[in-house]
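Sequence order for the protein chains is D and E.
So the first sequence is numbered by this note's numbering: it starts at 1 and just counts up by one.
So the second sequence is numbered by this note's numbering: it starts at 31 and just counts up by one.
For each residue, glycine too, the CB sits at the ideal point set by N, CA and C.
Okay, so here's the structure we're looking at.
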Amino acid sequence: NGDLPMARKKSLQRFLEKRKERLTALGPYQ
Amino acid sequence: PPAPAYFNQETLQQRLLTLIEGARETWTYAIFWQSSVDVASGVSLLGWGDGYYKGCEEDKRKQKTTNPATAAEQEHRKRVLRELNSLISGGAGGSSPDETVEEEVTDTEWFFLVSMTQSFVNGAGLPGQAFFADAPNWIAGADRLALAPCDRARQARELGLQTMVCVPVGTGVLELGSTDVIYQSLELMNKIRVLFNFNSFEIP
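Given below as structure tokens:
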């Protein structure tokens with residue numbers, strides 16, 4: 001509903017940032 | 031006065047990262063489940079405290095060859111990820127478009143994401159059982175995960191995990207998961223006890 005508890009929001013933010021870094025380092029998906 | 035260390039998500043994150051990145055074994059993720067009591071109902075609850083996902087560079091290849099999620103399932107996962115990404119970035123999409131949101135969401139990434147929505151009431155589930163018994167629970171091997179009396183363990187197995195560990199620490203439970211079969215290690219257990227000593231403000 002667009003209102004995430006703070007702990008989950010921070011965890012999710014970290015997860016998405018780290019995923020982006022990981023995928024960018026791996027290069028385009030084959 | 032400073033808040034107790036276990037309330038500080040930064041030190042918690044640092045402890046999870048230190049444990050996973052410094053381990054001899056290859057762990058896919060670590061989650062800290064925080065215990066609390068619902069004042070109104072008196073129900074004891076283990077809920078999401080924080081988590082660290084490491085994953086594995088080969089996850090995608092592994093998933094493609096051994097357990098390809100169906101196209102519909104992938105589309106569902108991507109849609110959820112897009113919505114979450116939009117929620118986090120405030121719907122504006124940030125300064126540059128994030129193309130990685132459109133990349134396949136691996137089984138273990140999905141398991142980790144779904145975990146954020148879960149909680150365990152009155153000793154239910156693997157984390158709850160470990161917390162109430164005040165004893166670690168180490169399940170190594172897909173066959174053993176399949177037999178565990180816990181939906182979460184079975185879901186973990188279906189999504190490619192082969193080892194799940196739940197260790198009661200301080201005010202909650204530390205859970206580790208891996209796509210490898212990892213047998214119980216005294217070294218790791220000791221490391222957990224040192225790293226998750228919540229009386230300490232310093233990260234060892």
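Residues near A170 (chain E) by beta carbon distance below 8 Å, same chain, minus five either side: Q192, T193, V211, I212, Y213, Q214
With 16 other Cβ atoms within 10 Å as the buried cut-off, status of T209 (chain E): buried
Where G85 (chain E) meets chain D, residues with beta-carbon distance less than 7 Å: R22
Under 8 Å between C-beta atoms of L76 (chain E) and G190 (chain E): no
Member of E:E40, E:A165, E:M219 whose CA lies at the smallest distance from the CA of D80 (chain E): E:E40
N- and C-terminal bounds of the alpha helix (DSSP H) containing P198 (chain E): P198 (chain E) -> not in any alpha helix (DSSP H); beta strand (DSSP E) instead, spanning 193-199.
Closest by C-alpha distance to V67 (chain E), when choosing among E:L46, E:F150, E:E188: E:F150
Neighbour-count burial assignment, P179 (chain E), 16 or more Cβ in a 10 Å radius: exposed
Unbroken alpha helix (DSSP H) run spanning D318 (chain E), endpoints: With chain E running from 31 to 234 in the structure shown, residue 318 (chain E) is simply not present.
Sequence-distant residues of the same chain with beta carbon closer than 7 Å to D164 (chain E), five excluded per side: P198
Supposed close pair P166 (chain E), M219 (chain E) - CB separation, criterion 8 Å: 7 Å
Check whether Y83 (chain E) and K18 (chain D) have beta carbons under 8 Å apart: yes
Sequence ranges, alpha helix (DSSP H) only - wholly within the stretch 167-225 of chain E, length at least 4: 172-177, 181-188, 216-225
Selection of the stretch 193-225 of chain E by Cβ proximity to chain D, strictly under 8 Å: none
Proximity to L7 (chain D) [Cα-Cα], best of E:E129, E:E103, E:S145, E:A102: The question names Leu, but residue 7 (chain D) in the sequence shown is Ala. Measuring from the Cα of A7 (chain D), the nearest candidate turns out to be E:S145.
Members of the stretch 57-83 of chain E near chain D, C-beta cut-off 7 Å: W78, G79, D80, G81, Y83
Buried or exposed by the 16-neighbour rule on C-beta atoms within 10 Å, applied to N152 (chain E): exposed
Proximal residues of chain D, C-beta to C-beta of N38 (chain E) below 8 Å: In chain order: nothing, as chain D lies at least about 11 Å away.
Buried versus exposed call for G27 (chain D) [16 or more other C-beta atoms within 10 Å across all chains shown]: exposed
Closer than 8 Å to chain D by CB, L177 (chain E): no
Short Cβ contact (8 Å threshold) for F15 (chain D) with F161 (chain E): no
Reduced DSSP category for V67 (chain E) - H, G, I as helix; E, B as strand; rest coil: strand
Delimiting residues of the alpha helix (DSSP H) encompassing G155 (chain E): 155-163
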